[in-house]
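Visitor: Please find one structure pasted underneath; my questions will follow.
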Amino acid sequence: MALGKVSVNNLNLSQGAVTAIERHFLFIGPGAKSIGQLISLNTDSDLDVMLGIPPSDLKTQITAARLNGGDRWACVAAPIAAEGDWQDALTVSQQQGHSFEAVVITTPVETAAELSAMHDAAIALGNTYGRRVFFMAASVGITDLQTWAQYLVTQKAITQDLAAPRVLCVPQLHGNDLGVLAGRLANAAVSVADSPMRVATGAVLGLGPVPADADDVPLPSATRAELDTARLSVTQTYPDYPGVYWGDGNMLDVPASDFQVVEYLRIVDKAARQVRPLLIARVADRRLNSSANSMVVNMNALMAPLRAMAKSTTFAGQVFPGEIEQPKDGDIVLTWKSKTAVEAFIKVKPLNCPKDLTANIALDLSTTETE
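Residue numbers (the numbering used here): 17 to 387.
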């Protein structure tokens, strides 16, 4: 004998949105106020109240970032003491559950070991929390006692033979270059797939004065080119074209690597952040199994974030492309390594983007016949 029973269960199919952390940066550096705290800032924040009236490098870089970051800019600042350790502030931020796309260290580095420590910290965050970040570091600007040739020697030494794929370094030539680039990368008006070199984004804003060396020679374009070759990230100008722009966001990766520029790292990290919660939701879920139907269903589910990243918009006859190319069959493969272990291989393909453009103009001297 039995009694009738009715139950209604809510099924969680993991179809909701994943919280986006792209463009959310953590700034760490010596400050004049709120030492040891995490301060949330946006375009409405009074930086004198939040970070103190006395000038500080942290405040200088955040001011530049806010100016270049657009109307949706926001960040978290972690002021530390003059002799404080940025690693302690980073640890506190992680213990409090904060997630960031990038960590901006405003204290200029002088050695490759300091940059290597930032890369180690980025890898440790991935290992411990599954959080993907890249670091933005600063190196010192030129002093009144240096020529540009001498300055290049000291700067090249910082990045020589260094492999730190999750770190980019910005020479503080104008005093606030790091903040300018941080704001440009955090601007919601452009995609994470866009290079900071993109001229259509507009000229950089609020850049400090043009530096000069001991011989009063203003910053030469050749010096910028040499710094870029040394994998440092610098501003650039175009003769007879108004405004100051940016070059590549160079990651300190090895030659022939896939992640030598920041936009490639950002799109892969974004895809990884979108896919990770979907994998977690499938732990010990028998709906993911080796049957043909299950494999197709789950590959489609894991492909969904990539389709969203690839979505483009057509407006006024122009196509505004997505962040990546539209995924196609074969761009995701699920492989069963054992009865309980499955491995996903996912391809993310960036769109072609011109950074070196050449026009070849020919003169036509043929005779034109007239009626």
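All residues carry an ideal CB built from backbone N, CA and C; glycine is no exception.
All of these numbers come straight from a predicted model, not from anything done at the bench.
Assuming M315 is part of the alpha helix (DSSP H), what are its boundary residues?
Guide: Segment 308 to 326, the alpha helix (DSSP H) holding M315.
Visitor: Can you tell which of E130, D210, M319, Q334 has its C-alpha closest to the C-alpha of D347?
Guide: Comparing Cα-Cα distances from D347 to each of E130, D210, M319, Q334, the minimum goes to M319.
Visitor: Nearest-angstrom Cα distance between Y254 and A238?
Guide: If you take the alpha carbons of Y254 and A238, they lie about 13 Å apart.
Visitor: With distances taken between CB atoms, is the gap from G224 to P187 smaller than 9 Å?
Guide: No, these two residues do not count as a Cβ contact at 9 Å.
Visitor: Are M311 and K286 touching if we call contact CB-CB under 9 Å?
Guide: It is not a contact, given that the beta carbons lie outside the stated cut-off.
Visitor: Indicate whether L106 and F150 have their beta-carbon atoms separated by less than 9 Å.
Guide: No. Outside cutoff.
Visitor: Output the distance between the C-alpha atoms of F41 and N305, rounded to the nearest integer angstrom.
Guide: Between F41 and N305, the C-alpha separation is close to 39 Å.
Visitor: Have a look at the DSSP bridge pairing and note the partners of T329.
Guide: For T329, which the question treats as bridged, DSSP gives the partners F336.
Visitor: How long is the line joining the alpha carbons of A219 and P95, rounded to whole angstroms?
Guide: A219 and P95: Cα-Cα distance of roughly 29 Å.
Visitor: Where does P343 land, buried or exposed, given buried means 16+ other C-beta within 10 angstroms?
Guide: By the 10 Å Cβ count, P343 comes out buried.
Visitor: Reducing DSSP to helix, strand and coil, say where T351 ends up.
Guide: Of the three classes helix, strand and coil, the one that applies to T351 here is strand, per DSSP.
Visitor: In or out: Q171 buried (at least 16 other Cβ within 10 Å) or exposed?
Guide: Buried, by the Cβ-count rule.
Visitor: Look up T253 in the DSSP assignment and say whether it is helix, strand or coil.
Guide: In the structure shown, T253 sits in a strand (DSSP, three-state: E or B).
Visitor: Taking all protein chains shown into account, do 16 or more other C-beta atoms lie within 10 angstroms of the C-beta of K75, making it buried, or fewer, making it exposed?
Guide: By the neighbour-count rule (16 or more Cβ atoms within 10 Å), K75 is buried.
Visitor: In the structure shown, what three-state DSSP assignment does N266 receive?
Guide: Looking at N266 - three-state DSSP - the assignment turns out to be strand.
Visitor: Whose CA, out of K327, N316, R182, lies closest to the CA of V270?
Guide: The option with the nearest alpha carbon to V270 is R182.
Visitor: Would you call the region 78 to 98 in contact with the region 48 to 59, where contact means no fewer than 3 C-beta pairs closer than 8 Å?
Guide: In short, these stretches touch, since the Cβ pair count reaches three.
Visitor: List the whole-angstrom C-beta distance separating T79 from W102, where the pair is believed to meet the contact cut-off of C-beta under 8 Å.
Guide: Contact flag wrong, Cβ pair sits at about 19 Å.
Visitor: For K355 and T329, I'd like the C-alpha separation in whole angstroms.
Guide: For K355 and T329, the distance between alpha carbons rounds to 43 Å.
Visitor: Figure out for me which residue from P70, Q110, N309, E38 has the closest Cα to the Cα of G85.
Guide: Out of P70, Q110, N309, E38, E38 has the C-alpha closest to the C-alpha of G85.
Visitor: Pop quiz: Q77 and A198 are said to be a contact at Cβ under 8 Å. What is the actual Cβ separation, rounded to whole angstroms?
Guide: The pair is a contact, with the Cβ atoms about 7 Å apart (cut-off 8 Å).
Visitor: Please go through the same chain and pick out, in chain order, the residues whose beta-carbon is closer than 7 Å to the beta-carbon of R88, but skip the five residues on each side of it.
Guide: A204.
Visitor: Between E341 and R323, what straight-line distance do the alpha-carbon atoms span, to the nearest angstrom?
Guide: Those two C-alpha atoms are separated by around 9 Å.
Visitor: Identify the continuous alpha helix (DSSP H) that holds P293 and give its terminal residues.
Guide: Element bounds for P293: 278 to 297.
Visitor: Can you give me the C-alpha to C-alpha distance between V120 and S382, rounded to a whole angstrom?
Guide: Roughly 60 Å between the two C-alpha positions.
Visitor: Can you tell me the Cβ-Cβ gap for L373 and P337, rounded? I've got them flagged as a contact below 8 Å.
Guide: That belief does not hold up - the Cβ atoms of L373 and P337 are roughly 18 Å apart, past 8 Å.
Visitor: Report buried or exposed for D264, applying the criterion of at least 16 other Cβ atoms within 10 angstroms of its Cβ.
Guide: When all chains shown are included, D264 counts as buried.
Visitor: Check E359 in the structure and name its three-state DSSP category.
Guide: E359 falls in the strand class under three-state DSSP.
Visitor: From the DSSP output, in three-state form, read off L201 for me.
Guide: Reduced to three states, the DSSP call for L201 is helix.
Visitor: Under the three-state reduction of DSSP, which class applies to G259: helix, strand or coil?
Guide: In this structure, G259 counts as strand in the three-state DSSP scheme.
Visitor: Return the chain-ordered list of same chain residues with a C-beta closer than 7 Å to the C-beta of L350, the five sequence neighbours on each side being excluded.
Guide: Result list for L350: M311, N314, M315, V358, A360, in chain order.
Visitor: Between the alpha carbons of G191 and D380, how many angstroms are there, rounded?
Guide: When rounded, the distance between both Cα atoms is 50 Å.
Visitor: Under DSSP, the beta strand (DSSP E) around M152 begins and ends at which residues?
Guide: Segment 150 to 155, the beta strand (DSSP E) holding M152.
Visitor: Between V65 and C91, what straight-line distance do the alpha-carbon atoms span, to the nearest angstrom?
Guide: Rounded to the nearest angstrom, the two C-alpha atoms are 16 Å apart.
Visitor: Fully enclosed by the region 126 to 175, which alpha helix (DSSP H) runs are 4 residues long or longer?
Guide: Complete alpha helix (DSSP H) runs here, min 4: 128 to 145, 164 to 175.
Visitor: Can you list, in chain order, the residues of its chain whose CB lies under 6 Å from that of P258, leaving out five sequence neighbours each side?
Guide: Closer than 6 Å at the Cβ level, and outside the excluded window around P258, lies no residue.
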